[in-house]
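Participant: Mapping of the sequence shown onto the working numbering: position 153 corresponds to residue 240, and the numbering continues sequentially without gaps.
We put the beta carbon where it would ideally sit given N, CA and C, even for glycine.
The following block contains the structure, expressed as structure tokens.
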Amino acid sequence: MHSLDHEKLPAHVAIIMDGNGRWAKLRNLPRIEGHIAGVESVRDVVTITRELRIPYLTLYAFSKENWVRPKDEVRKLLELLGIYLDKELPLMLEKGIRFNVIGEKADFPGTLQAKLVEVMKKTARNRDLVLNLALSYSGRKEILNAVTRLIEDVKKGVVKRIDERVFRKRLYTGSMPDPDLLIRTSGEMRLSNFLLWQMAYTEIYVTDTFWPDFKGDQYVAALREFGRRERRFGRVKED
Ligand code: IPE
Ligand code: IPE
Ligand code: MG
């Protein structure tokens with residue numbers, strides 16, 4: 088399938104799904120139409136990730152900073168998220184996908200929070216793919232939260248020595264592996280506060296394609312490029 092070398096596939100893919108607004112603008116459509124079209128790309132990418140048996144996928148859907156966008160766009164985005172959850176839950180159950188939110192669930196309206204928790208609970212025993220959706224997510228906030236929890240645990244005597252292992256356990260991603268590959272669509276060469284701790288050694292792939300145009304073939308191209316990368320982790324090149 089997809090003629091990819093399975094040994095060189097990432098175990099964790101993170102994606103900054105960017106460019107919905109520009110996609111819509113190009114077509115003289117309201118920005119929300121770009122977000123709606125982007126849901127199709129989410130579906131494609133989730134399906135392929137599962138088919139390829141990549142165990143972790145983290146999608147940046149809404150940043151902590153995105154709350155300052157026009158009220159109407161935010162409202163419609165939240166509405167779209169609710170529709171997505173309702174629609175995808177049966178598929179997640181059928182396909183063994185475990186849904187997980189990283190970010191500040193508490194920032195969302197009560198009904199949406201309840202829905203997020205419901206989907207997380209109902210899919211909690213699924214094992215084929217962990218789908219992390221980053222919602223009201225901030226990498227810096229995540230690190231500060233982990234620090235706060237760590238201080239509490241030190242006070243309680245639960246933690247004696249602070250090292251990377253005890254720290255990372257207190258991040259939203261807990262015991263998940265760090266992303267091997269970060270994909271960002273629509274050409275921007277920045278992290279936008281995404282998974283700052285976790286991406287220390289992540290391979291970065293940026294494509295000019297807008298998110299709603301990022302479909303299966305584009306994803307496979309990114310994975311193929313990942314397979315060609317030489318990861319060194321500080322070592323010298325091996326012959
Ligand atoms: C990404 O697309 C989706 C969200 C941030 C919610 P944008 O809405 O950022 O699209 P551009 O960057 O304006 O084109
Ligand atoms: C990052 O995209 C957040 C998401 C894709 C959800 P933005 O469009 O918000 O990032 P900036 O503002 O261009 O850095
Ligand atoms: Mg953007």
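DSSP state of Arg-214, grouped into three classes?
Facilitator: coil
Participant: By Cβ distance, which residues of its chain are closer than 7 Å to Arg-236, with the 5 residues on each side in sequence left out?
Facilitator: By the criterion of a C-beta distance shorter than 7 Å, Arg-236 is surrounded in its chain by Arg-257, once the five residues flanking it on both sides are discounted.
Participant: Below 7 Å, is the gap between the Cβ of Leu-164 and the nearest heavy atom of ligand 1?
Facilitator: yes
Participant: Got a sec, what are the start and stop residues for the alpha helix (DSSP H) Ala-233 sits in?
Facilitator: 226-243
Participant: Using a threshold of 8 Å, state whether the C-beta atoms of Ala-124 and Pro-266 are closer than that.
Facilitator: no
Participant: Could you check if Gly-274 belongs to the surroundings of ligand 1, using beta carbon to heavy atom distance under 7 Å?
Facilitator: no
Participant: Distance cutoff 8 Å, beta carbons only. Does Val-188 sit that close to anything in chain E?
Facilitator: Considering every chain present, this structure includes no chain E. It has just one protein chain.
Participant: By Cβ distance below 8 Å, which residues in the same chain neighbour Phe-198 in space, the five residues on each side in sequence not counted?
Facilitator: Just to set this straight, residue 198 is Thr in the shown sequence, not Phe. Hits under 8 Å: Gly-169.
Participant: Specify, as a first and last residue, the run of the alpha helix (DSSP H) that Val-204 falls within.
Facilitator: 197-209
Participant: Using a Cβ-based criterion (distance less than 7 Å to any ligand heavy atom), does Asn-219 qualify as near ligand 1?
Facilitator: no
Participant: Buried or exposed for Ala-287, going by 16 or more other Cβ atoms inside 10 Å?
Facilitator: With fewer than 16 Cβ atoms within 10 Å of its Cβ, Ala-287 is classed as exposed.
Participant: Short of 6 Å in beta carbon distance, which residues of its chain neighbour Phe-186, apart from the five on each side in sequence? Order them along the chain.
Facilitator: Met-179, Val-206, Met-207, Thr-210 and Leu-218
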